[in-house]
Amino acid sequence: MNGASGQAEQVPDRTAPAEALARATAHLLSLQSPEGWWKGDLETNVTMDAEDLLLRQFLGIRTEQQTQATAAWIRSQQRPDGTWATFHGGPPELSATVEAYVALRLAGDDPEAPHMLAAAGYVRAHGGIASARVFTRIWLALFGWWPWERLPELPPELIFAPRWLPLNIYAFGCWARQTIVPLTVVSAHRPVRPAPFPLDELHSDPADPYPRRPLAPLTTWDGVFERLDKALHAYHRYAVRPLRRFALAQAGRWIIERQEADGCWGGIQPPAVYSLIALHLLGYDLDHPVMKAGIASFDGFTVHTEDGRRWMEACQSPVWDTCLATIALRDAGLPDDHPALVAAAEWMLGEEITRRGDWAVKRPGLAPGGWAFEFQNDNYPDIDDTAEVVLALSRVDVPDRERLQGAVRRGVEWNLGMQSKNGAWGAFDVDNTSKLPNKLPFCDFGEVVDPPSADVTAHVVEMLAEVGRSDDPRTRRGIAWLLANQEADGSWFGRWGTNYVYGTGSVVPALIAAGLHPGHPAVRRAVRWLEDRQNPDGGWGEDMRSYEDPERWAGRGESTASQTAWALMALLAAGEGPDGARSAAVERGVHWLADTQLPEGTWDEPHFTGTGFPWDFSINYHLYRLVFPVTALGRYLHGNPVPGGHR
């Protein structure tokens, strides 16, 4: 009788997760586009919206309708203390507050209104415009609100720097070089449009609005580069004019060659806005095809809410979302020839990039093959997307198997060719590990290099295991790097997701797929860390502040659906699920997902769990709250995927 009673008690345990999975699967299927792709909104912060208005003001194309719809969104994101943050629940952020305030001034908000007084008061109390980051002050310099001579100098002659120089443009990560090249044009021209209003109220001391800071000691990198910057400012005044004209022409050509088919640059906001400004300064009229296409591309980044507000995505993630959704639906139990999965696979096959991009500078002999993150970004396929697309394609049965296998083979070989010399993988480039670019005066916002990371390396290792390459020496080097870079507490740092939960949730399944035994000491340390970080409610969460203060925040934060799923994926891979040693942590996590699911089948997740730049630029991928719980619940109910077992 006790046994029967115990068996009866377990029925709801599997029923609730199964019902949650069914609802989530149906909802995910309902979001697929007719063309086969998925794309969730990619939410960042209001600087995207403010800079969109400032760009339009600079180009003379800002409309009242756009302005008021954007201002309504910016106001909706203001916190009770008058500030803006860069992620949900985060601390006030000075530069975001400055840019949001200026955007609202453009919209006509009265500086004496309570919400504006509160914002300006915060800015003044925290150093004023002078303490804002360099990129914010560049935007203000475009309208004379900040002097160009008080900004770091970026000479266009940088385009001529040979590859062996530590600070050539290819020493920067792809997102940074795409921004820096157009900024060299802007820096050379130092344009100033008429300011529509003064900003005296944002200076801590209006009598000394541009305070000078003492130079750092010459024995420090800051001191060296500050003095180099002073020399470059002197060069700006005495630059050899023919050389400068040639440099500007070369920079313009470099920019135009990298414009994508949809008119954007790199599929991300910063290169696009600065490229438009740079080309306009080089003489391209607004009706020039390059300019028209670039401006029009922003329509695809615009989200209109039902209540009439307007906000801008910094980027779009259809390839990433589609491969993750495909993997999730296979884990949920959909057959490999399900029409939705076949449509997704066909679309992904059509997105394969077969032309050379900037990656070929360091790998000139490597054949192209891979996928980017966005709809259009042929210059910059990335290693992470390529790995996950190959994982997804390998689990789908399409009519043209030869086409699929060819794409998979090219993706695998391209990823193998992009391995860095330490055995790991970065996101876009090979051995992009110099520490010097981050020391430059204008690099005070975000990561500007692309060193290998645990999460990307794990995804490549998992992909290689899927295609039967676990024993390849290059795979083993990747595994060795992962084992050597495990944190002392058992976790792994997450570069592109928040943070240690993401890193650990990526690495453990990869190591198991590649042949490590669940009893391996590294796996057991990771399991213990995850169990220790589980919240009392049964879920997992990690705040963005773990990038700044890991001692306090690593693996700590309010429970979220995506982070709970990452933890579960690691624990299930480590044998902690129903098909292994039944784990109380897994059961509590699974039931947290079932209990917190919304009626329509998804989860509420206002917290940001994606990472652009650790701490500096955070992302809320709106599909993460769905695809990862579907994956975790599917693996809980149906077991972990077996590498190579789907074909």
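Numbering (the numbering used here), first residue to last: -8 to 638. Idealized CB from N, CA, C, for every residue including glycine.
query                                                                                                                                                                                                           : result
With burial defined as no fewer than 16 other Cβ atoms inside 10 Å of the residue's Cβ, what is the status of residue 299: buried or exposed?                                                                   : exposed
If residue 164 sits next to residue 480, beta carbons under 8 Å apart, how far is it from one beta carbon to the other, in whole angstroms?                                                                     : Not really, about 28 Å apart at Cβ, beyond 8 Å.
Would you kindly work out how many angstroms separate the C-alpha atoms of residue 576 and residue 627, rounded to a whole number?                                                                              : 12 Å
Just how far apart, CA to CA, sit residue 616 and residue 319?                                                                                                                                                  : 12 Å
Using a 10 Å radius around the Cβ and a threshold of 16 neighbouring Cβ atoms, would you call residue 67 buried or exposed?                                                                                     : exposed
Does DSSP put residue 612 in a helix, in a strand, or in coil?                                                                                                                                                  : strand
Please report the straight-line C-alpha distance between residue 190 and residue 136, rounded to a whole angstrom.                                                                                              : 7 Å
My parser needs the alpha helix (DSSP H) runs of 4 or more residues fully inside the stretch 268 to 298; what are they?                                                                                         : 280 to 288
Under a three-way DSSP split, which group does residue 503 fall into?                                                                                                                                           : helix
Reducing DSSP to helix, strand and coil, say where residue 434 ends up.                                                                                                                                         : coil
Can you list, in chain order, the residues of its chain with a C-beta nearer than 8 Å to that of residue 589? Leave out the 5 residues immediately preceding and following it.                                  : 595
Using 8 Å as the cut-off, can you tell me whether the stretch 226 to 237 makes contact with the stretch 135 to 150, which would need three or more C-beta pairs spanning the two stretches below that distance? : yes
From residue 171 to residue 256, what distance separates their C-alpha atoms?                                                                                                                                   : 13 Å
Residue ranges of each beta strand (DSSP E) run of no fewer than 3 residues wholly in the stretch 197 to 227, ordered along the chain?                                                                          : none
Helix, strand or coil for residue 567, going by three-state DSSP, please let me know.                                                                                                                           : coil
What residue ranges within the stretch 342 to 429 form continuous alpha helix (DSSP H) runs of no fewer than 4 residues, ordered along the chain?                                                               : 374 to 384, 392 to 408
How would you call residue 459, buried or exposed, if buried means at least 16 neighbouring beta carbons within 10 angstroms?                                                                                   : exposed
Give a yes or no on whether the C-beta atoms belonging to residue 521 and residue 552 are separated by under 7 Å.                                                                                               : no
Could you check the C-alpha separation between residue 638 and residue 402 for me, to the nearest Å?                                                                                                            : Confidence at residue 638 is low in this model, with a pLDDT of 38, below 50, so the placement of that residue should be treated as unreliable; the coordinate-derived value is given next. Approximately 17 Å between the Cα atoms of the pair.
Considering only C-alpha positions, which residue in the set 168, 621, 602 is nearest to residue 612?                                                                                                           : 602
Rounded to the nearest angstrom, what separates residue 639 and residue 534 at their Cα positions?                                                                                                              : Residue 639 is absent from the model: the chain starts at -8 and stops at 638.
Please go through the same chain and pick out, in chain order, the residues whose beta-carbon is closer than 7 Å to the beta-carbon of residue 252, but skip the five residues on each side of it.              : 367
Would a C-beta distance cut-off of 7 Å place residue 336 and residue 273 closer than the cut-off?                                                                                                               : no
If you count every other CB in all the chains shown that lies within 10 Å of the CB of residue 130, and 16 or more means buried, which is it?                                                                   : buried
Rounded to the nearest angstrom, how far is the Cβ of residue 226 from that of residue 352, given a contact under 8 Å?                                                                                          : Between residue 352 and residue 226 the Cβ distance is about 26 Å, and since that is not below 8 Å, they are no contact.
Taking three-plus beta-carbon pairs below 8 Å as touching, is the stretch 50 to 68 in contact with the stretch 373 to 389?                                                                                      : no
On the DSSP bridge list, what partners appear for residue 303?                                                                                                                                                  : 293
In this structure, does DSSP put residue 52 in helix, strand or coil?                                                                                                                                           : coil
So is residue 103 buried or exposed if we call it buried at 16+ other beta carbons inside 10 Å?                                                                                                                 : exposed
If I measure Cβ to Cβ from residue 186 and keep anything under 7 Å in the same chain, skipping five residues before and after, which residues do I get?                                                         : 134, 135, 136
Tell me which residue opens and which closes the alpha helix (DSSP H) that residue 580 is part of.                                                                                                              : 575 to 587
For the putative contact between residue 389 and residue 19, defined by C-beta atoms under 8 Å, what is the C-beta separation to the nearest angstrom?                                                          : Not confirmed; about 20 Å, so no contact.
For residue 267, which residues from the same chain have a beta carbon less than 6 Å from its beta carbon, with the 5 sequence-adjacent residues on both sides left out?                                        : 285
Would you say residue 592 and residue 17 are within 7 Å of each other, going by their C-beta atoms?                                                                                                             : yes
Please check the pair residue 469 and residue 492, which I expect to be a contact at CB under 8 Å, by giving their CB distance rounded to whole angstroms.                                                      : Residue 469 to residue 492, Cβ: 21 Å. No contact.
Would you call the stretch 337 to 348 and the stretch 216 to 226 in contact, with 3 or more CB pairs under 8 Å?                                                                                                 : no
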